[in-house]
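Remarks on the structure that follows.
Number of protein chains: 2
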Amino acid sequence: MKPIRVAMLGCGTVGREVVRLLREQADELAARAGAPVELAGVAVRRPHKHADLGDLLTADAPGLVTRDDVDVVVEVIGGIEPARTLLLEALKAGKSVVTANKALLAEDGASLAVAADASGVDLYYEAAVAGAIPLLRPLRESLVGDRITRVAGIVNGTTNFILSAMAASGASYADALEEATRLGYAEADPSADVDGYDAASKAAILASLAFHTRVTAADVHCEGIRAVTAGDIAAASAMGCVIKLLAICERAPADASMPESVSARVHPAMIPATHPLAAVDGAFNAVFVEAEAAGQLMFYGQGAGGAPTASAVLGDLVAVARNRVLGGRGPRESAYASLPVRPMGTLRTRYHVSLEVVDRAGVLSTITGEFARHGVSIAAARQTGEGNGDGSARIVVVTHKAPEAALAATVDVLAGLDVVHGVHSVLRVEDLGRKGVAG
Amino acid sequence: MKPIRVAMLGCGTVGREVVRLLREQADELAARAGAPVELAGVAVRRPHKHADLGDLLTADAPGLVTRDDVDVVVEVIGGIEPARTLLLEALKAGKSVVTANKALLAEDGASLAVAADASGVDLYYEAAVAGAIPLLRPLRESLVGDRITRVAGIVNGTTNFILSAMAASGASYADALEEATRLGYAEADPSADVDGYDAASKAAILASLAFHTRVTAADVHCEGIRAVTAGDIAAASAMGCVIKLLAICERAPADASMPESVSARVHPAMIPATHPLAAVDGAFNAVFVEAEAAGQLMFYGQGAGGAPTASAVLGDLVAVARNRVLGGRGPRESAYASLPVRPMGTLRTRYHVSLEVVDRAGVLSTITGEFARHGVSIAAARQTGEGNGDGSARIVVVTHKAPEAALAATVDVLAGLDVVHGVHSVLRVEDLGRKGVAG
Numbered sequence: 002m003k004p005i006r007v008a009m010l011g012c013g014t015v016g017r018e019v020v021r022l023l024r025e026q027a028d029e030l031a032a033r034a035g036a037p038v039e040l041a042g043v044a045v046r047r048p049h050k051h052a053d054l055g056d057l058l059t060a061d062a063p064g065l066v067t068r069d070d071v072d073v074v075v076e077v078i079g080g081i082e083p084a085r086t087l088l089l090e091a092l093k094a095g096k097s098v099v100t101a102n103k104a105l106l107a108e109d110g111a112s113l114a115v116a117a118d119a120s121g122v123d124l125y126y127e128a129a130v131a132g133a134i135p136l137l138r139p140l141r142e143s144l145v146g147d148r149i150t151r152v153a154g155i156v157n158g159t160t161n162f163i164l165s166a167m168a169a170s171g172a173s174y175a176d177a178l179e180e181a182t183r184l185g186y187a188e189a190d191p192s193a194d195v196d197g198y199d200a201a202s203k204a205a206i207l208a209s210l211a212f213h214t215r216v217t218a219a220d221v222h223c224e225g226i227r228a229v230t231a232g233d234i235a236a237a238s239a240m241g242c243v244i245k246l247l248a249i250c251e252r253a254p255a256d257a258s259m260p261e262s263v264s265a266r267v268h269p270a271m272i273p274a275t276h277p278l279a280a281v282d283g284a285f286n287a288v289f290v291e292a293e294a295a296g297q298l299m300f301y302g303q304g305a306g307g308a309p310t311a312s313a314v315l316g317d318l319v320a321v322a323r324n325r326v327l328g329g330r331g332p333r334e335s336a337y338a339s340l341p342v343r344p345m346g347t348l349r350t351r352y353h354v355s356l357e358v359v360d361r362a363g364v365l366s367t368i369t370g371e372f373a374r375h376g377v378s379i380a381a382a383r384q385t386g387e388g389n390g391d392g393s394a395r396i397v398v399v400t401h402k403a404p405e406a407a408l409a410a411t412v413d414v415l416a417g418l419d420v421v422h423g424v425h426s427v428l429r430v431e432d433l434g435r436k437g438v439a440g
Numbered sequence: 002m003k004p005i006r007v008a009m010l011g012c013g014t015v016g017r018e019v020v021r022l023l024r025e026q027a028d029e030l031a032a033r034a035g036a037p038v039e040l041a042g043v044a045v046r047r048p049h050k051h052a053d054l055g056d057l058l059t060a061d062a063p064g065l066v067t068r069d070d071v072d073v074v075v076e077v078i079g080g081i082e083p084a085r086t087l088l089l090e091a092l093k094a095g096k097s098v099v100t101a102n103k104a105l106l107a108e109d110g111a112s113l114a115v116a117a118d119a120s121g122v123d124l125y126y127e128a129a130v131a132g133a134i135p136l137l138r139p140l141r142e143s144l145v146g147d148r149i150t151r152v153a154g155i156v157n158g159t160t161n162f163i164l165s166a167m168a169a170s171g172a173s174y175a176d177a178l179e180e181a182t183r184l185g186y187a188e189a190d191p192s193a194d195v196d197g198y199d200a201a202s203k204a205a206i207l208a209s210l211a212f213h214t215r216v217t218a219a220d221v222h223c224e225g226i227r228a229v230t231a232g233d234i235a236a237a238s239a240m241g242c243v244i245k246l247l248a249i250c251e252r253a254p255a256d257a258s259m260p261e262s263v264s265a266r267v268h269p270a271m272i273p274a275t276h277p278l279a280a281v282d283g284a285f286n287a288v289f290v291e292a293e294a295a296g297q298l299m300f301y302g303q304g305a306g307g308a309p310t311a312s313a314v315l316g317d318l319v320a321v322a323r324n325r326v327l328g329g330r331g332p333r334e335s336a337y338a339s340l341p342v343r344p345m346g347t348l349r350t351r352y353h354v355s356l357e358v359v360d361r362a363g364v365l366s367t368i369t370g371e372f373a374r375h376g377v378s379i380a381a382a383r384q385t386g387e388g389n390g391d392g393s394a395r396i397v398v399v400t401h402k403a404p405e406a407a408l409a410a411t412v413d414v415l416a417g418l419d420v421v422h423g424v425h426s427v428l429r430v431e432d433l434g435r436k437g438v439a440g
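Protein sequences appear in the order of chains P and Y.
If you count by the numbering used here, then the first sequence holds residues 2 to 440, one letter each, in order.
If you count by the numbering used here, then the second sequence holds residues 2 to 440, one letter each, in order.
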């Protein structure tokens, strides 16, 4: 059989593992693909660092991706440019593409999909979300006969490691981040992870696939974990909850204000300690999917790392190779639904609001009155720390489901009241379809 | 677009849901498949029971599956015959097949696969294992670039409901079975579930897909849960374990006695209470997959029921329809590896053995001596119930990993000893890659 020839862009942690597995499992991969799968070239910026790849190395990425002897381009460089230009060139030249580039897919997946369709080639990217966990193919294919209503989960291992460490030891955010950095779970500049951007990219990809529409990173409401304190973790624990950074993608039925729509958001949230996602610790990922007929499903595994991510890349690569051997292509993305994205302000969730107030009779009544005035119904309110000597007390309010905008307006007013020293924290409470959370 | 026309065989719980979803989601399914997906006919034994299907109904299944206007045959009747003959006729006539028939696939999947290949059509069966959980497609496609080493899980909801009920309430097997029957989780004749045959069929299908080889139901060592007692559940609890009916498929490297091989078995086993599978209660299913590069993955969801199973059938149906619209077919099964199946006697696991013995000095030493004589290394042995007045005591032995045959020979000898009143139970202990089980 004529081999399927692969050009790889980038050769970092994931790329090295792809090369290793392509070599070590060559016979098995050939049997599964229907033809040998061979490396045709590897484009890197600093060829001298990869001497063992010999003649395969090149610094000329644009030349490599359009070379006549290349069938498939595997992209593991990440970032928007030059990845976008290179992949668009490759697709235009009739090469199938396998990429792990979540940022690019979330920003401009539509351009790539259009280019792949124009050439009739495959565009696969299982590795872009939740590493080794087979998630995109199940969404795109296994559940294609069902109606997905929600995808929610832990899709960033760095932040889950930090939050798990804070919960386990009572450590501060800063100390937990330092430990994550020391152990290699966080990068020197942790912003993409801790500010939620990485998870937001993944949420955009998940929402697009799950709801057959187009959602970009800019559509995703994004809050990171920098503001989560040891006190928040303790407050969650007191409510029988844990705090996780969640990506939540939902389909919302039509209502008076909007036709059927979708939403996608990333933020820390309290979830019940009994929920399966609460038990997902350390750098692991897990995603819940709810569909009308299938009910609740969960997918769990390693969300990052060289070998797990390479497993996902190779699964796509063998699938693409097999499609080329058979002369076809796999199922395309479909964005036929073209659903609008619901603004964050209209979403309804529950909230845990913690305030420092003046320790004086009537303050609790003033505070709860502001919630009522904004139409935010309270499930529970309690005041602690009275008589602690400094004249201040702590009020914690847990609401029923309320529109984000109403809650935000309430908090704005509260922050300006004379009797409020400060708003300690505002955390969303998500039961993810489970019962039993206070409130 | 020319519609894709579907013949359905059987119209029970799953079939009714397939009909409902095909009708309610017709527009969405058409958008995803690239053409309308229409029912061409439904073959049932008693047409008068399904009057709402009108002209679609027929009692002539053989005529329906070869009709010129039929593109795809969906089979939800179950059992070996007439399903096998009908599906072979359909495949021979160039129809793609979607089936939920685990018994047929486990007994004679090879014949179906050969017939599908001969005609160049699809044979899909996601619904045959673990209901709505996307599991076969991830094994067949997402992990096709990886090397799966183990698939282990809870794949029968009825037995998991019974074992969960026994663990929660201390109920006997008989009482828990009665409750399961009353609630509709167990059939009037529960043998296929409680004797492990259903799980064994699924194990054969999982092992075949995971290891790219052919494993049939006859290759699967199968023990059910009828012999599990409330005492066993309590003994497991005392060890920090729970008892689950597991299907375990493993790849074994070559050793002195055999080349590389696979094994598949179904039996009750103690697993650590901290293992994610231990938390899978009631009628839910969950499957762990371990692969060399991907590491540990878990898939969780509803393993049975009309709507969840129909979700899996429809996912396959849309995929098959899309393949026909595009003029191709999906990835085939591959059985290129042709690995031998390892005999149960050569497998190595750990055991929890409970004996009633004569309450006399030296008995523990006699018992442990027999283990040693058979080369079975003991992790822990303890004696309880001395001085309980009836002259008997209980000895519990937990072994290190030992060959099944050596353990069986040990137990045979123990049962014949004068000092042994009886062998109370022999249970395997599986840590499934986790640490922390006693011994």
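Cβ coordinates follow ideal geometry from the N, Cα and C atoms, glycine included.
All figures in this text were calculated on a predicted structure; none of them were measured in a lab.
Residue i versus residue j - alpha carbon distance
{"i": "Y:Asp199", "j": "Y:Ala193", "result": "5 Å"}
{"i": "Y:Thr230", "j": "P:Ile226", "result": "48 Å"}
{"i": "P:Tyr186", "j": "Y:Arg395", "result": "50 Å"}
{"i": "P:Arg333", "j": "P:Leu124", "result": "8 Å"}
{"i": "Y:Arg138", "j": "Y:Val145", "result": "10 Å"}
{"i": "P:Ser112", "j": "P:Arg85", "result": "9 Å"}
{"i": "P:Ala257", "j": "P:Pro269", "result": "29 Å"}
{"i": "Y:Gly440", "j": "Y:Val399", "result": "With a pLDDT of only 30 at Y:Gly440, under 50, the local geometry of the prediction cannot be trusted, and the value read off the model is given with reservation. Between Y:Gly440 and Y:Val399, the C-alpha separation is close to 7 Å."}
{"i": "P:Pro341", "j": "P:Ala403", "result": "21 Å"}
{"i": "P:Met259", "j": "P:Pro344", "result": "10 Å"}
{"i": "P:Tyr126", "j": "Y:Ala382", "result": "52 Å"}
Partners in chain P for residue i, counting only beta-carbon separations shorter than 8 Å
{"i": "Y:Tyr186", "result": "Neighbours of Y:Tyr186 on chain P: none; closest Cβ ~16 Å, over 8 Å."}
{"i": "Y:Pro309", "result": "Ala294, Ala295, Gly296"}
Inter-residue CB distance, residue i and residue j (contact presumed, cutoff 8 Å)
{"i": "Y:Leu412", "j": "Y:Val354", "result": "Sequence inspection shows Val at residue 412 of chain Y; the Leu mentioned does not correspond to that position. Their Cβ separation, rounded to whole angstroms, is 7 Å, which keeps Y:Val412 and Y:Val354 in contact under 8 Å."}
{"i": "P:Glu39", "j": "P:Val75", "result": "Not really, about 12 Å apart at Cβ, beyond 8 Å."}
{"i": "P:Ala101", "j": "P:Thr310", "result": "6 Å"}
{"i": "Y:Val314", "j": "Y:Val77", "result": "7 Å"}
Neighbour-count burial assignment, residue i, 16 or more Cβ in a 10 Å radius
{"i": "Y:Gly197", "result": "buried"}
{"i": "P:Tyr495", "result": "There is no way to answer for residue 495 of chain P, as the model of chain P reaches only from 2 to 440."}
{"i": "P:Met299", "result": "buried"}
{"i": "Y:His213", "result": "buried"}
{"i": "Y:Gly302", "result": "buried"}
{"i": "Y:Gly437", "result": "Residue placement at Y:Gly437 is poorly supported in this model, since its pLDDT is 34, which falls under 50; the coordinates still yield a value, given next. Exposed."}
{"i": "Y:Thr385", "result": "exposed"}
{"i": "P:His222", "result": "buried"}
{"i": "P:Arg46", "result": "exposed"}
{"i": "Y:Gly296", "result": "buried"}
{"i": "Y:His276", "result": "buried"}
{"i": "P:Lys3", "result": "exposed"}
{"i": "Y:His375", "result": "buried"}
{"i": "P:Arg215", "result": "buried"}
{"i": "P:Gly232", "result": "exposed"}
{"i": "Y:Arg361", "result": "exposed"}
{"i": "Y:Pro191", "result": "buried"}
Proximal chain Y residues relative to residue i, where beta-carbon distance stays under 7 Å
{"i": "P:Ile502", "result": "A query on residue 502 of chain P cannot be resolved here, the shown segment of chain P reaching from 2 to 440 and no further."}
{"i": "P:Arg323", "result": "Pro332"}
Per-residue contacts from residue i into chain P (C-beta, under 7 Å)
{"i": "Y:Arg138", "result": "Arg138, Pro139, Glu142, Ser143"}
{"i": "Y:Asp147", "result": "Ser312, Leu315, Gly316"}
{"i": "Y:Leu327", "result": "Gly329"}
Contacts of residue i in chain P (Cβ-Cβ under 9 Å)
{"i": "Y:Arg33", "result": "Val145, Gly146, His213, Pro332, Ser335, Tyr337"}
Problem set entry | Runs of alpha helix (DSSP H) wholly within the segment 345-414 of chain P (minimum 4 residues, chain order) | 364-374
Exercise. Whole beta strand (DSSP E) runs in the segment 218-258 of chain Y with 3 or more residues, listed along the chain?
Worked result: 242-253
Problem set entry | Entirely enclosed beta strand (DSSP E) segments - the segment 89-169 of chain P, minimum 3 residues | 97-100, 149-155
Exercise. Can you list, in chain order, the stretches of the alpha helix (DSSP H) that have 4 or more residues and sit fully within the segment 276-353 of chain Y?
Worked result: 307-327
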